[in-house]
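If you want this note's numbering, it's the 1-based position in the sequence shown plus 263.
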Amino acid sequence: MKTPIYDFVTEYIASGTSRLHMPGHKGHGPLSIEQRDITEIKGADVLSEGTGIIGESEANAAALFGSGQTLYSTEGSSLPIRAMLFLALLRWRERESRAPGASSARPFILAARNVHKVFLSACALLDLDVEWVWPDTEGPDSVCGCHPSPGSVGDALRRLAGEGRVPAAVWLTSPDYLGAEADIRGIRAAVDLACGEGRVPLIVDNAHGAYLRFLSESRHPLDLGAYMCCDSAHKTFPVLTGGAYLHLSHEAARDVGAEARNALALFASTSPSYVILQSLDLCNRYLEDGYPKRLAEACRRVAGLRDYLAVLGIRSLESEPLKLVLDAGSAGSGVSGMKLADMLRQYGIEPEFADVHYVVCMFTPENYTVDYLRLVQVFRDLPKLLTHGVRKAPPPEAGPGLKLRPLKRAMSIREAVFSPHETIDVRESAGRVLGEATVSCPPAVPIAVCGEVLTEDLVPVFLAYGIREVSVVR
Numbered sequence: 264m265k266t267p268i269y270d271f272v273t274e275y276i277a278s279g280t281s282r283l284h285m286p287g288h289k290g291h292g293p294l295s296i297e298q299r300d301i302t303e304i305k306g307a308d309v310l311s312e313g314t315g316i317i318g319e320s321e322a323n324a325a326a327l328f329g330s331g332q333t334l335y336s337t338e339g340s341s342l343p344i345r346a347m348l349f350l351a352l353l354r355w356r357e358r359e360s361r362a363p364g365a366s367s368a369r370p371f372i373l374a375a376r377n378v379h380k381v382f383l384s385a386c387a388l389l390d391l392d393v394e395w396v397w398p399d400t401e402g403p404d405s406v407c408g409c410h411p412s413p414g415s416v417g418d419a420l421r422r423l424a425g426e427g428r429v430p431a432a433v434w435l436t437s438p439d440y441l442g443a444e445a446d447i448r449g450i451r452a453a454v455d456l457a458c459g460e461g462r463v464p465l466i467v468d469n470a471h472g473a474y475l476r477f478l479s480e481s482r483h484p485l486d487l488g489a490y491m492c493c494d495s496a497h498k499t500f501p502v503l504t505g506g507a508y509l510h511l512s513h514e515a516a517r518d519v520g521a522e523a524r525n526a527l528a529l530f531a532s533t534s535p536s537y538v539i540l541q542s543l544d545l546c547n548r549y550l551e552d553g554y555p556k557r558l559a560e561a562c563r564r565v566a567g568l569r570d571y572l573a574v575l576g577i578r579s580l581e582s583e584p585l586k587l588v589l590d591a592g593s594a595g596s597g598v599s600g601m602k603l604a605d606m607l608r609q610y611g612i613e614p615e616f617a618d619v620h621y622v623v624c625m626f627t628p629e630n631y632t633v634d635y636l637r638l639v640q641v642f643r644d645l646p647k648l649l650t651h652g653v654r655k656a657p658p659p660e661a662g663p664g665l666k667l668r669p670l671k672r673a674m675s676i677r678e679a680v681f682s683p684h685e686t687i688d689v690r691e692s693a694g695r696v697l698g699e700a701t702v703s704c705p706p707a708v709p710i711a712v713c714g715e716v717l718t719e720d721l722v723p724v725f726l727a728y729g730i731r732e733v734s735v736v737r
């Protein structure tokens, strides 16, 4: 497969051209990669236009993913999340304009509650309301686990229809940070049954699941019925941090494809990283050149590691194939996820994420055998670590009951975000209206939503995730 962006930069370097253009390093510097860092010079195409080598590379990616259209982001999945909400709003307005009689309804999204915080900021910018759909079964004790079933989505849509309201889109985050996957195919069917086939698009934040397309049987959202989705290439592919995709289904490409690039440009920097673009470009060749076989082997190794740890008594959550989500409590009484992560670090392992209950380890085909062996050694040595290691009890505020829950809404997301704020101690926040989604990344799932009234029982949850202060409406 051709790599037009990478090849152009390679030829430009070889030409020895005097760089009387940005960036200021002029192609040399202490990082030794500056020569590959260019800007939109003649022949390099423009990301917001995609009429040259960038468009050619994106077409290669679209062929690999089987999409109607694939566009690049050098700003992670945060940029496609904003663009997808914008495109959903455009589609909704066009649909409403064709409906008999003028509608005064406000656009809104029906979303599973474990959204990324960028989703909320985008809703504030676009003045979109959100109706939350909640799972009908118990999940893990974490703010990340909040997948609704097809039945709960269908029930929510029928309830809204009874009020004369139809969402601009249904939004899912799948896989989530703990590796759980939503029943996308079943939810797509439930949406069509409740609203009419194709009337309401299903949009998926698939930031953690780009590789799902290349399993022996694809579990990628586009192949399961999603209208559009985003993938963070850098999370599971050998792509530099910030490389991501906006994927449109063939239906979406027909409906909103002409606006998709403009939607990205509306929120994007006008100075995209050509180093990240080259890594996305090279990734196309990587995916074409035997990647499914390498992926299958990595999945097999992670599954074997999960089974081996189970023999040692270490439980892990059911998750997508490249994640190992360890239940810290199974390692011993009083062992928190944070403490278990510290044990891993003693053996030269840095996990992706740890909270009170879980440790998340992410693998790809690029991991070495030693990475697996180190993890095995930690749990072989666990009795010694628990007896002689530095014991760190969980913070006193951290405890059970970390699940997301419905809260009273005092104002819209937009109104809360654009109101004057003040920062207060989280212990004094009960009864106040949240003004800004306060949560680090990872996991980037807001504990409460802007405009909601904070309650006393949320205080331990904030503290468990290291949040000591919150921004509230003044």
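No residue lacks a Cβ here, since even glycine has one placed at the ideal position from N, Cα and C.
| Item | Value |
| --- | --- |
| For His513, is the classification buried or exposed, using 16 other Cβ atoms within 10 angstroms of its Cβ as the cut-off for buried? | exposed |
| Please identify the residue among Gly459, Thr400 and Val708 whose C-alpha is closest to the C-alpha of Ala424. | Gly459 |
| Taking Cβ to Cβ, would you say Val722 is nearer than 8 Å to Val696? | no |
| Looking at C-alpha atoms only, which residue of Cys624, Pro709 and Ser593 is the closest neighbour of Arg608? | Cys624 |
| Helix, strand or coil: which one does DSSP assign to Asp217? | Residue coverage of the chain in this structure runs from 264 to 737, which leaves residue 217 outside it and unanswerable. |
| Express the C-alpha separation of Val716 and Asp590 in angstroms, rounding to a whole number. | 31 Å |
| Can you give me the Cβ contacts of Leu441 inside the same chain, cut-off strictly under 8 Å, excluding the 5 residues immediately before and after it? | Pro403, Ser405, Cys407, Gly408, Leu580, Ser582, Lys586, Val588, Tyr621 and Val623 |
| Return helix, strand or coil for Ile268, following the three-state DSSP convention. | helix |
| Are Ala516 and Cys493 closer than 8 Å when you measure CB to CB? | no |
| In three-state DSSP terms, what is Asp439? | coil |
| Here's a check: name, in chain order, each residue in its chain whose Cβ is nearer than 6 Å to the Cβ of Ala432, leaving out the five neighbours to either side. | Ala351, Ile372, Pro464 and Ile466 |
| Checking 8 Å against the spacing of the C-beta atoms, do Ala368 and Val396 come in under that value? | no |
| Can you find a CB in chain B that lies within less than 8 Å of the CB of Gly318? | Reference to chain B is not applicable here, since this structure consists of a single protein chain. |
| On a CA-only basis, which of Glu319, Tyr554, Val429 and Met347 is nearest Val519? Give me that one, please. | Met347 |
| Going by the DSSP bridge assignment, what does Cys493 pair with across the sheet? | Asp468 and Leu509 |
| Looking at the structure shown, is Arg282 part of a helix, part of a strand, or coil, going by DSSP? | coil |
| Run through DSSP, which three-state label would Cys624 get? | strand |
| Going along the chain, which residues of its own chain have a beta-carbon closer than 8 Å to the beta-carbon of Asp300, five neighbours each way excluded? | Pro286, His288, Gly290, Ser536, Tyr537 and Val538 |
| Just tell me which of Pro705, Ala679, Ile687 and Glu691 has its CA closest to the CA of Gly698. | Ala679 |
| Can the beta-carbon of Cys546 be found less than 8 Å from the beta-carbon of Ala496? | yes |
| Alpha carbon to alpha carbon, how far is Leu327 from Ser360? Give it in angstroms, no decimals. | 36 Å |
| Quick check on DSSP: helix, strand or coil for Val641? | helix |
| Helix, strand or coil, according to DSSP, for Val588 in the structure here? | strand |
| Going by beta-carbon coordinates alone, are Ile676 and Leu638 separated by less than 8 Å? | no |
| In chain order, which continuous runs of the beta strand (DSSP E) of length 3 or greater are located wholly inside the region 266–348? | 332–336 |
| Please report the distance separating the alpha-carbon of Asp399 from that of Leu511. | 30 Å |
| Less than 8 Å between the C-beta atoms of Tyr549 and Pro501, yes or no? | yes |
| Since Ile676 sits in a beta bridge, which residues does DSSP pair it with? | DSSP output for Ile676 lists no bridge partner at all. |
| Is the region 301–319 in contact with the region 270–280, if contact means three or more CB pairs nearer than 8 Å? | yes |
| Which residues in the same chain have their Cβ closer than 7 Å to the Cβ of Val653, if we skip the five residues on either side of it in sequence? | With a pLDDT of 46 at Val653, under the threshold of 50, the modelled position of this residue cannot be trusted; read the value that follows with caution. The answer is none, since no qualifying residue turns up. |
| Report, in whole angstroms, the separation of the C-beta atoms of Ala561 and Pro628, which I expect to be a contact under 8 Å. | 4 Å |
| Taking the straight line between their C-alpha atoms, what separation do you get for Met491 and Pro646? | 48 Å |
| Helix, strand or coil for Leu726? Go by DSSP, reduced to three states. | helix |
| When DSSP builds the beta bridges, which residues end up paired with Asp446? | According to DSSP, which records beta bridges pairwise, Asp446 is partnered with nothing at all. |
| Could you pull out every unbroken beta strand (DSSP E) segment of at least 3 residues lying fully inside the region 692–736, listed in chain order? | 732–736 |
| Less than 8 Å between the beta carbons of Val574 and Phe626, yes or no? | no |
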